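A.B. asks:
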Amino acid sequence: MTLYEENDLMSTNVNRGLETRLRAELDEMSEKGIHKELLYILGKQSAVVDIDGLGETINLCSNNYLGLCDNADVMRAIKDGTDKYGAGTSSVRFICGTFDIHRELEAKIADFLEVPASLTYTSAWNANEGLFAPLLSEEDVLISDRLNHACIIDGIRLCKAQRKIYEHMDMDSLRQALESSRDARHRLVITDGIFSMEGEIAPLPDIRELCDRYDAILAVDDSHATGVLGDTGRGTPEHFGMHGEVDIVTSTLGKALGGMAGGFTASSRAVVDMLIQSSRTQLFTNSLPPFSACGALAAIEHLEDHPELVTKLHENTRYYREGLEALGYKPIPGETPIVPVIIGETADAMNLSKQLLQEGVFVIGFGFPVVPRGEARIRCQVSAAHEREHLDAALAALKKVGERLHLI
Ligand SMILES: Cc1ncc(COP(=O)(O)O)c(C=O)c1O
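Heads up, the sequence shown is in the numbering used here, so the first residue is 938 and it goes up one at a time.
1. Are the beta-carbon atoms belonging to L1240 and L1005 less than 9 Å from one another?
2. Helix, strand or coil: which one does DSSP assign to E1075?
3. From the DSSP output, read off the bridge partner residues of S1290.
4. Would you mind sorting Q1295 into buried or exposed? The rule is 16 or more other CB atoms within 10 Å of its CB.
5. At the level of alpha carbons, what is the spacing between M880 and Y1266?
6. How far does the alpha helix (DSSP H) with A1011 in it extend, from its first residue to its last?
7. Along the alpha helix (DSSP H) that carries R1171, what are the first and last residues, could you check?
8. Can you look up Y1002 in the DSSP assignment and give me helix, strand or coil?
9. Under three-state DSSP, which class holds D964?
10. With respect to 8 Å, is the separation between the Cβ of H1086 and the closest non-hydrogen atom of ligand 1 below this value?
11. Got a sec, what are the start and stop residues for the beta strand (DSSP E) Q1099 sits in?
12. Distance check for H1323 and V986, CA to CA, integer angstroms please.
13. Distance check for I978 and L1335, CA to CA, integer angstroms please.
14. Determine the extent of the alpha helix (DSSP H) in which Q1113 is found, giving its start and end residues.
15. Mapping DSSP to helix, strand and coil, what is N950?
16. Terminal residues of the continuous alpha helix (DSSP H) containing Q1214?
17. Looking at H1161 and ligand 1, is the gap between the Cβ and the nearest heavy atom below 8 Å?
18. In terms of residues, what are the limits of the beta strand (DSSP E) holding P1277?
19. Starting from V1186 and walking both ways along the beta strand (DSSP E), at which residues does that stretch end?
20. Can you tell me whether G1232 sits near ligand 1, meaning its C-beta is under 8 Å from at least one heavy atom of the ligand?
21. Put D1285 into one of helix, strand or coil per three-state DSSP.
22. I want to know whether the segment 1272-1291 touches the segment 958-966 - three or more CB-CB distances under 8 Å.
23. Nearest to G1164 by alpha carbon, out of E1051, L1003, D1149, L1147?
24. Start and end of the alpha helix (DSSP H) containing V985?
25. Look at the Cβ atom of S1110, then the Cβ atom of G1130, and state whether they are nearer than 9 Å.
26. Kindly indicate which residue of K1192, V1157, E1135, S1133 has the alpha-carbon position closest to the one of P1142.
27. Which of helix, strand or coil does DSSP assign to V1319?
28. So what's S1081 in DSSP terms, helix, strand or just coil?
29. When every heavy atom of ligand 1 is checked, does at least one fall within less than 8 Å of the C-beta of T1187?
30. Contact between the segment 1058-1068 and the segment 1168-1179: three or more CB pairs below 8 Å?
31. The alpha helix (DSSP H) that contains D1120, what's its start and end?
32. With a threshold of 8 Å (Cβ to nearest heavy atom), would N1223 be considered close to ligand 1?
33. What residue range is occupied by the uninterrupted beta strand (DSSP E) comprising S1229?
34. Quick one: give me the first and last residue of the alpha helix (DSSP H) that Y1256 is part of.
35. I need the straight-line Cα distance from K981 to D1007, nearest angstrom please.
This is the structure we're talking about:
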């Protein structure tokens, strides 16, 4: 079965050699069962979504952890923001792309996370990619967990600092990296707060202790933890009772906080000011659209007023994890709403995901290069938007398909 028929027109404006090679590679992916097909959602992101051609499915794969994507306050703020500020900025921040709503949102983020300052970007990808080069150079060492997010890896590649990778959440390996970097001017340790493919929480107190011992800067990408961890959703530092103990926090506005685009870096005033001066993903790309800033501000305010959303997320997570284990699945242990089940081969994970979709449950399979080879998985994500009936229906489908495929 080829994706492109022999007599499909070759594009006239793409080099023929390139087109032929790409078609062959894509066909090979298709034959191996690892070619990604995009599914089109009709309507809003929510606990149940209507997928084009498949109908209503229980959504267990969005980052809509607090269910704020279709929250009335957030949507109202976006509409009002569009009326007030128009469609976009048409400029980078330092030319004419800074609006009063950026200042208001950045003050709110800083206040929410109890840090002195913050700076927004059009995505957390951009926040991380633009973080390191302005702060560090050849005399410095960047020390990163092996399983950190791709945008951290790319950000590190764009920085001239020396690099050291420590084994995933392995404090001995981190200690060795720090020990061998004693002579550097600065050492910066960067970790995901919650690891997006594993759902594990970084051992922040241990990392902080090592950073203190070696006078290292601690940076945490809390994209999956903001709005999720801690009693009030202030993230990994709150989870461990470590308010104000992380030097730099990056995170997204595109997951729990309303699911729009946007990200930020929160830190000291000097760090933020230096990013304004020389972070390339700040200097050379448009600023966050004002309507997104309005929506994100409303999402944080909503979260502050409704900590019970975080409690519901935690309760749903416990319920779902216990339900999955009772069926005989062995998810990666943990307490976060990211609940991955390792399947092994990419094609098998994608097949499981396909069969679950046919049973009305939307869970995506991940394989290489998103996760290491041989560790393909389905990643279930729980939300405060889920009611018990959604979780029960999803578990029933997992039982049916799991037994059919001899997984449980
Ligand atoms: C840990 C982590 N950091 C950063 C990002 C990027 O977030 P954004 O969509 O805001 O660019 C993601 C998103 O997948 C993530 O999981």
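From the three backbone atoms N, C-alpha and C, an ideal C-beta is built for every residue, glycine too. As the structure is a computational prediction, the values presented were derived from the model and not from experiment.
C.D. replies: In short:
1. The beta carbons of L1240 and L1005 sit closer together than 9 Å.
2. coil
3. Answer is none; S1290 lacks a bridge partner.
4. Exposed, by the Cβ-count rule.
5. Absent from the model: residue 880. The displayed extent of the chain is 938 to 1345, so no value can be given.
6. Looking at the sequence shown, residue 1011 is not Ala but Val. Where V1011 is concerned, the enclosing alpha helix (DSSP H) stretches over 1009-1022.
7. R1171 -> no alpha helix (DSSP H), and no H or E assigned at all.
8. coil
9. helix
10. Within the chosen limit of 8 Å, ligand 1 reaches the beta carbon of H1086 through at least one heavy atom.
11. 1099-1103
12. 12 Å
13. 22 Å
14. 1108-1116
15. coil
16. 1206-1215
17. yes
18. It spans 1275-1281 - the beta strand (DSSP E) in which P1277 sits, taken as one unbroken run.
19. Counting along the chain, the beta strand (DSSP E) containing V1186 begins and ends at 1185-1189.
20. no
21. helix
22. no
23. The shortest Cα separation from G1164 among E1051, L1003, D1149, L1147 belongs to L1003.
24. Unbroken run through V985 is the beta strand (DSSP E), 985-988; no alpha helix (DSSP H).
25. no
26. V1157
27. coil
28. In the structure shown, S1081 sits in a strand (DSSP, three-state: E or B).
29. yes
30. no
31. According to the DSSP assignment, D1120 belongs to no alpha helix (DSSP H), since it is labelled neither H nor E.
32. no
33. According to the DSSP assignment, S1229 belongs to no beta strand (DSSP E) but to the alpha helix (DSSP H) extending over 1227-1242.
34. Taken as a continuous stretch (DSSP letters only), the alpha helix (DSSP H) holding Y1256 covers 1245-1264.
35. 7 Å
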